[in-house]
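Student: So that you can map any letter, position 172 of the sequence shown is 175 in this note's numbering, and since no number is skipped, the others follow by simple counting. By construction, the Cβ of each residue, glycine as well, lies at the ideal position given by its N, Cα and C atoms. Below you will find the structure I want to go over with you.
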Amino acid sequence: MARALITGITGQDGLYLSELLLAKGYEVYGLVRGQNNPKIDLVRRTVPGVKLLTGDLTDMSSLLRALHDARPDEVYNLGAISFVAYSWENAQVTTDVTGKGVLNMLEAVRLYSGDDVTRVRFYQASSSEMFGKVQEVPQRESTLLWPRSPYGVAKVFGHYMTINYRESYGMHASSGILFNHESPRRGPEFVTRKVSQAVARISLGLQDTLTLGNLDARRDWGFAGDYVEAMWRMLQQDTADDYVVATGETHSIRELLDVAFARVGIDDWSGYVSQDPRFMRPAEVELLIGDPAKARATLGWTPRVDFTELVQMMVDHDLAEQRALAR
Ligand code: NAP
Ligand code: F7E
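Okay, structure coming up:
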């Protein structure tokens with residue numbers, strides 16, 4: 004039975020990846036941090052087959068201990084401080100976790116593996132935020148990186164460190180440059196879920212307005228359940244490499260609002276949405292659109308859920324959730 008260790012198990016991707024690996028017959032271990040992490044219950048309810056280990060990406064000895072306990076064939080490093088807006092307010096902790104945390108995990112895997120450098124296959128959760136002020140449209144693996152936030156800078160560090168461990172030590176270390184991916188499990192601080200929750204509440208008469216920042220930014224949004232499949236496929240290749248994972252389509256926040264409000268029968272959302280500089284970023288990533296050609300050709304990966312289906316899935320979920328809460 005193959006064994007996997009996942010950091011970031013309590014997050015959106017950690018849950019979907021656990022489900023995928025358990026269904027494939029893996030023994031799955033998840034790293035959780037903190038002395039009483041409130042999300043442990045969610046993990047136990049959603050993926051009861053996962054075995055939990057304690058550790059923190061800023062504490063390398065805890066990572067080594069987790070590796071010795073889990074004895075994994077594959078490590079998926081999904082743990083990070085992942086909210087871009089927060090990263091300006093907490094740049095150092097973002098650097099420590101999202102950036103240096105990758106080095107800690109790579110070094111722990113290297114030490115654990117001893118002479119057998121390819122004993123553990125490693126996946127790093129890199130991000131389209133690394134493209135930032137984009138230097139090419141669409142963005143591909145070779146596009147020059149130009150991060151625009153402390154989060155993006157930290158991800159660039161982790162990305163190059165992953166490549167460096169592959170090139171220096173021959174480790175099977177791959178980096179997935181994933182564009183935005185969403186789901187009903189997305190944190191409420193991210194724009195898609197903020198919109199889907201608000202639209203559900205507005206349609207039920209529980210909320211009057213939705214306050215957002217920049218409505219003109221464009222993102223390449225896909226479904227998280229599709230994207231974890233690409234992570235797994237990367238680690239099944241004979242050779243480790245870097246891959247852009249994206250839909251190849253881009254949509255603005257305005258288009259997100261169009262689809263979400265239409266789902267509850269509201270065609271003109273202008274009376275419900277306001278803007279506040281509080282939600283604007285010091286440096287914005289205006290346009291993201293990925294070219295997933297390499298992932299399609301080499302991994303045989305294609306997204307199954309399109310933008311409209313994704314937004315409708317999230318609104319429908321939040322409508323059901325709000326109705327259940329109101330009962
Ligand atoms: P998420 O829901 O925010 O989950 C982040 C996870 O990281 C949580 O489980 C969190 O655990 C954990 N974490 C935070 N600090 C940690 C620390 N010091 N040590 C160990 N774990 C820590 O993120 P996601 O959307 O699932 O994304 C997964 C990964 O992909 C992240 O690295 C993210 O940056 C990256 N990524 C995401 C997207 C996207 O669109 N979703 C796109 C590209 C890349 P707690 O419960 O303890 O907070
Ligand atoms: O913002 C704009 C905002 O916070 C998307 C993370 O998973 O994907 C995510 O990062 C866009 C930005 O995601 C609001 O300015 C407008 O242009 O949903 P988001 P993100 O910053 O793209 C990447 C790939 C990651 O790697 C990250 O970990 O929406 N926007 N008004 C807003 N965004 C938020 N959050 N809230 C607003 O009110």
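Who are glutamate 312's beta bridge partners in DSSP?
Tutor: Translated into the one-based positions of the sequence shown, residue 312 becomes position 309. DSSP, once it has assigned bridges, lists no residue as partnering glutamate 312.
Student: Considering only their Cβ atoms, is the gap separating leucine 67 from leucine 114 smaller than 8 Å?
Tutor: The residue labelled residue 114 in the question sits at position 111 within the sequence shown. The residue labelled residue 67 in the question sits at position 64 within the sequence shown. Yes, the pair counts as a contact, with Cβ atoms nearer than the cut-off.
Student: If you measure from each residue's Cβ to the nearest non-hydrogen atom of ligand 1, which ones come out under 5 Å, in chain order?
Tutor: Chain-ordered list of matching residues: Gly11, Thr13, Gly14, Gln15, Asp16, Arg36, Lys42, Asp59, Leu60, Leu81, Gly82, Ala83, Ser85, Val100, Ala128, Ser130, Leu181, Asn183 and His184.
Student: Could you tell me if the beta carbon of glycine 216 falls within a distance shorter than 7 Å of some heavy atom in ligand 2?
Tutor: Translated into the one-based positions of the sequence shown, residue 216 becomes position 213. Glycine 216 Cβ: within cutoff of ligand 2.
Student: Are the Cβ atoms of glycine 37 and valine 46 separated by less than 8 Å?
Tutor: As a position in the sequence shown, residue 37 is number 34, starting the count at 1. As a position in the sequence shown, residue 46 is number 43, starting the count at 1. No, Cβ-Cβ distance for glycine 37 and valine 46 is not below 8 Å.
Student: What separation, rounded to the nearest whole angstrom, lies between the Cα atoms of valine 87 and glycine 155?
Tutor: The residue labelled residue 87 in the question sits at position 84 within the sequence shown. The residue labelled residue 155 in the question sits at position 152 within the sequence shown. Going by the C-alpha atoms only, they are around 8 Å apart.
Student: On the DSSP letters alone, give me the boundaries of the alpha helix (DSSP H) that glycine 155 sits inside.
Tutor: The residue given as residue 155 occupies position 152 in the sequence shown. 153 to 172 is the extent of the alpha helix (DSSP H) around glycine 155.
Student: May I have the straight-line CA-CA distance separating leucine 302 from alanine 233, to the nearest angstrom?
Tutor: Against the sequence shown, residue 302 aligns to sequence position 299. Against the sequence shown, residue 233 aligns to sequence position 230. Their backbone Cα atoms lie some 7 Å apart in a straight line.
Student: When you compare the CB positions of leucine 60 and valine 100, do they come within less than 8 Å of one another, or not?
Tutor: Working through the sequence shown from its first residue, we reach residue 60 at position 57. Working through the sequence shown from its first residue, we reach residue 100 at position 97. Contact: yes.
Student: Alanine 176 lies in the beta strand (DSSP E); which residues open and close that run?
Tutor: Within the sequence shown, the letter at position 173 stands for residue 176. Segment 175 to 181, the beta strand (DSSP E) holding alanine 176.
Student: Lysine 136: beta carbon under 7 Å from a heavy atom of ligand 2?
Tutor: Position 133 of the sequence shown, counting from 1, holds the residue named residue 136. False, no ligand heavy atom lies under 7 Å from that Cβ.
Student: Counting C-beta neighbours from all protein chains within 10 Å, is the total for valine 140 16 or more, i.e. buried, or is it exposed?
Tutor: As a first step, residue 140 must be located in the sequence shown, where it is residue number 137. Exposed, since its Cβ has fewer than 16 Cβ neighbours within 10 Å.
Student: Glutamate 192: beta carbon under 7 Å from a heavy atom of ligand 2?
Tutor: Locating residue 192 in the sequence shown gives position 189, counting from the first residue. Checking the Cβ of glutamate 192 against ligand 2 gives yes.
Student: Please list the segments of the alpha helix (DSSP H) lying wholly inside the segment 75 to 150, counting only runs of 4 or more residues, in order along the chain.
Tutor: Those alpha helix (DSSP H) runs which fall completely within the segment 75 to 150 and span 4+ residues are 87 to 92, 94 to 97 and 104 to 116.
Student: Sorry if obvious, but does the Cβ on phenylalanine 226 come closer than 7 Å to a heavy atom of ligand 2?
Tutor: Locating residue 226 in the sequence shown gives position 223, counting from the first residue. Checking the Cβ of phenylalanine 226 against ligand 2 gives no.
Student: Quick one: using the 10 Å Cβ neighbour count with 16 as the cut-off for buried, is asparagine 39 buried or exposed?
Tutor: Taking the first residue of the sequence shown as position 1, residue 39 is located at position 36. It is exposed - the Cβ of asparagine 39 has fewer than 16 other Cβ atoms within 10 Å.
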